[in-house]
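Asker:
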Amino acid sequence: KNQVEQSPQSLIILEGKNCTLQCNYTVSPFSNLRWYKQDTGRGPVSLTIMTFSENTKSNGRYTATLDADTKQSSLHITASQLSDSASYICVVSPNYGGATNKLIFGTGTLLAVQP
Amino acid sequence: DVKVTQSSRYLVKRTGEKVFLECVQDMDHENMFWYRQDPGLGLRLIYFSYDVKMKEKGDIPEGYSVSREKKERFSLILESASTNQTSMYLCATAKTGARGHGYTFGSGTRLTVV
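So the protein lines, in turn, are chains W and F. Everything in the first sequence is counted per this note's numbering, starting at 39 for the first residue and increasing by one. Everything in the second sequence is counted per this note's numbering, starting at 16 for the first residue and increasing by one.
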């Protein structure tokens with residue numbers, strides 16, 4: 039069964055510190071892997087997207103890495119800010135062929151940044 | 016920027032009511048999706064549509080139906096709302112062949128059924 043698992047479930051860090059969120063997946067073959075940020079009560083917003091051939095992708099203080107051999111991805115947040123407090127969701131797009139855009143979602147890591 | 020607009024941020028409905036959740040997009044995306052999001056379960060696909068008047072069941076279609084009469088609008092219908100349909104509902108759109116690229120979510124509708 040295609041799955042996406044994230045760890046930790048929740049995380050509390052102090053403002054200014056770095057953190058790393060993990061994503062393990064069993065989806066195969068896959069087309070791309072995406073990290074979303076979801077603020078409380080809002081829809082998810084894309085942070086990064088990587089195809090299976092990419093190892094890393096950055097978006098400001100967010101850096102995602104991908105190891106397609108071990109089926110692992112991580113999201114590293116540098117110099118955290120209070121506004122980084124949100125749920126971070128790892129999403130994998132299977133490569134089923136055709137035009138279907140079905141995605142497989144992890145359950146997210148809830149990050150709280152404290153002053 | 017693609018805009019995906021969901022008509023209501025918060026809704027409170029009574030058990031047994033018929034509920035309509037509306038989603039409108041302003042780009043020319045062929046694909047539209049309805050998800051529900053519950054704590055600990057992540058996003059689960061209810062229905063999706065890859066063209067006008069076309070619809071496909073997702074993973075949890077029971078108790079829901081959809082309508083896509085125009086390309087820009089995708090409606091989710093709860094024929095007879097029940098308390099277990101209390102959830103956050105998210106609409107998303109994507110261009111055909113994009114394989115996740117350009118996938119865009121609306122802001123969500125928090126539905127409470129009492």
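The C-beta atom is built at its ideal place from N, Cα and C for all residues, glycine as well. Just so you know, these numbers come straight off a predicted model, no measurement behind them.
Going by the beta-carbon positions, is the gap between Gly57(F) and Phe143(W) smaller than 7 Å?
Answerer: Yes; because the gap between Cβ atoms is below 7 Å, this pair is in contact.
Asker: Interface residues of chain F around Phe90(W) at Cβ under 9 Å?
Answerer: Per Cβ cutoff of 9 Å: no residues; Phe90(W) is ~11 Å from chain F at best.
Asker: Tell me whether Gln119(W) sits in a helix, a strand or coil according to DSSP, three-state version.
Answerer: Residue state, collapsed to three classes: coil.
Asker: Rounded to whole angstroms, what's the CA-CA distance from Gln110(W) to Cys38(F)? Just pull it up for me.
Answerer: Those two C-alpha atoms are separated by around 34 Å.
Asker: Any idea what DSSP makes of Thr98(F), helix, strand or coil?
Answerer: Of the three classes helix, strand and coil, the one that applies to Thr98(F) here is helix, per DSSP.
Asker: What residue range does the beta strand (DSSP E) around Glu84(F) cover?
Answerer: Start and end: 79-85.
Asker: Any chance the region 18-28 of chain F sits against the region 70-78 of chain W, with 3 or more Cβ pairs inside 8 Å?
Answerer: No, the region 18-28 of chain F is not in contact with the region 70-78 of chain W.
Asker: Of all Cβ atoms in chain W, is any one closer than 7 Å to the Cβ of Ser122(F)?
Answerer: For Ser122(F), the answer is yes, since a Cβ of chain W falls inside 7 Å of its Cβ.
Asker: Quick check on this structure: which residue in Thr64(W), Tyr74(W), Asp122(W) has the alpha carbon closest to the alpha carbon of Ser43(W)?
Answerer: It should be pointed out that residue 43(W) corresponds to Glu in this sequence rather than to Ser. The shortest Cα separation from Glu43(W) among Thr64(W), Tyr74(W), Asp122(W) belongs to Thr64(W).
Asker: Does Gly54(W) come out as helix, strand or coil in the three-state DSSP assignment?
Answerer: In the structure shown, Gly54(W) sits in coil (DSSP, three-state: anything other than H, G, I, E or B).
Asker: How is Gly127(W) classed by DSSP in three states: helix, strand or coil?
Answerer: For the record, residue 127(W) in the displayed sequence is Ile; it is not Gly. Of the three classes helix, strand and coil, the one that applies to Ile127(W) here is strand, per DSSP.
Asker: I need the DSSP call for Ala137(W), collapsed to helix, strand or coil.
Answerer: Bear in mind that a pLDDT of 47 at Ala137(W), under 50, signals an unreliable position, so the number given afterwards is only what the model happens to contain. If DSSP states are grouped into helix, strand and coil, Ala137(W) belongs with coil.
Asker: Let's test the definition: count the other Cβ atoms within 10 Å of the Cβ of Asp10(F) and tell me whether it reaches 16, buried, or not, exposed.
Answerer: There is no way to answer for residue 10(F), as the model of chain F reaches only from 16 to 129.
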